[in-house]
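Numbered per mature numbering (1 follows the signal peptide of the UniProt record, and there is no 0), the sequence shown spans residues -20 to -1, 1 to 262. Each residue gets a CB set at the ideal place from its N, CA and C atoms; glycine is no exception. Here the structure comes first, spelled out in structure tokens, and everything after it is commentary.
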Amino acid sequence: MNRIATTFLTGLLLVLTASAGWSQKEEKVNWKKIKVLVYTKNGKGYVHDNIPFAVKSIQKMGEENGFKVDVSDQPTVFTEDNLKQYTLLIFPSTNNDVFDTDEQRLSFRRYIEAGGGFVGVHSVTGTERNWTWFKRMIGGTFAWHPKFQKFKTTVIDTKHPSMEGIPKVWEKADEFYFTKEMSPGPTVVMAHDLTSLTSDEPEKVKMFGGTFTNLYPAAWYYNFDGGYTWCTTLGHDKKDYSEDPMFIKHIFQGIRYVASQVKKIDFSKAYADSRDAPIRDN
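Below, the structure written as structure tokens:
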């Protein structure tokens, strides 16, 4: 894990300078043309009580900004014919296996390959833990978190559109998520401050922290396998979605960023014929 974590952090920090060219023009979105699917199914195991609050918050964003929001907890929505209508898919605190069949997984994968967008919130890193491709797309998979507490999070790319107006050092109560099986691809834009974390299990913090000693990935974007993703590990408390304007801004700007990247859903660009087909070079 340490070698992978080192590669992950080094690569991410090296590409931060590339974001210096972001402009207002690049992040402009015609919201009237945007339609999103909020998917809420959970597999067996822990289900977050924040999910209905996240749904309401995203629906309100849609009402205020003029984009359409569909909501479903039925994996049958994952067909190419249905997915082609959506600019991006949002998984708010999904956990464990959220698809019933590999055919549904393949449709999801091909949607990303077709140029689709994806926004994942909080426990999304614990979704589809047995599917290698999905874990690559997310950037890793959930490992462990200490108890809910207040800690600091630092914006490390202030020029990225999704970080606009977010405090350079943001202190809030949440769950500090650690990740395993990290992919070296995603670009981190915000990181948790390990030095602000308290735990009665310091040996676990050291183990899961690996070679990260001060900052640990908290939010990132990833142009992966033809698609565009943005994920944040923040968002455990259901009150975040109705009572914390900064957190709501954080999620909205992640949605806005992905929406600005997706141009067209074109399934002729999709190539996978199974959920585990070898990933082609971009």
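Item	Value
Between the CA atoms of residue 51 and residue 27 - distance to the nearest angstrom	17 Å
Under 8 Å between C-beta atoms of residue 170 and residue 187	no
Per-residue burial, residue 103 [other beta carbons within 10 Å of its own, 16 or more giving buried]	buried
Proximity to residue 197 [Cα-Cα], best of 238, 98, 121 and 207	121
Residue 257 in three-state terms, based on DSSP	coil
6 Å CB neighbourhood of residue 150 in its chain, flanking five on each side removed	133
Beta-carbon spacing of residue 67, residue 242 below 8 Å	yes
Residue environment, residue -7, which counts as buried when at least 16 other CB atoms sit within 10 Å	Per-residue confidence for residue -7 stands at a pLDDT of 36, beneath the threshold of 50, marking its modelled position as unreliable; the derived number appears in the next sentence. Answer is exposed; the Cβ neighbour count stays below 16.
Among 203, 209, 255 and 128, nearest to residue 84 - alpha-carbon criterion	255
Identified DSSP bridge partners for residue 150	133
Cβ shell of residue 259 (< 8 Å), same chain only, five flanking positions each side left out	113, 116 and 205
Beta-bridge pairing of residue 225 - partner residues as DSSP gives them	DSSP, once it has assigned bridges, lists no residue as partnering residue 225.
Whole-angstrom distance between residue 182 and residue 193, CA atom to CA atom	13 Å
Status (buried if at least 16 other CB within 10 Å, exposed otherwise) for residue 248	exposed
Alpha helix (DSSP H) segments (min. 4 residues) lying fully within the stretch 88 to 118	112 to 118
Span of the alpha helix (DSSP H), counted from its first residue to its last, around residue 33	31 to 45
Which listed residue (172, 101 and 160) has its alpha carbon closest to that of residue 34	101
Residues that DSSP places opposite residue 76 in a beta bridge	107
Supposed contact pair residue 185 and residue 225 - C-beta distance, whole angstroms, cut 8 Å	Actually they are not in contact, since the Cβ atoms of residue 225 and residue 185 sit about 30 Å apart, beyond 8 Å.
Status (buried if at least 16 other CB within 10 Å, exposed otherwise) for residue 56	exposed
Endpoints, alpha helix (DSSP H) assigned at residue 182	182 to 189
Contact set for residue 91: own chain, Cβ-Cβ below 6 Å, skip 5 residues either direction	63
For residue 17 and residue 86, believed in contact at Cβ under 8 Å, the rounded distance	With a Cβ gap of about 17 Å, residue 86 and residue 17 do not count as contacting.
Beta bridge counterpart(s) of residue 203 as assigned by DSSP	208
C-alpha gap between residue 217 and residue 65, whole angstroms	31 Å
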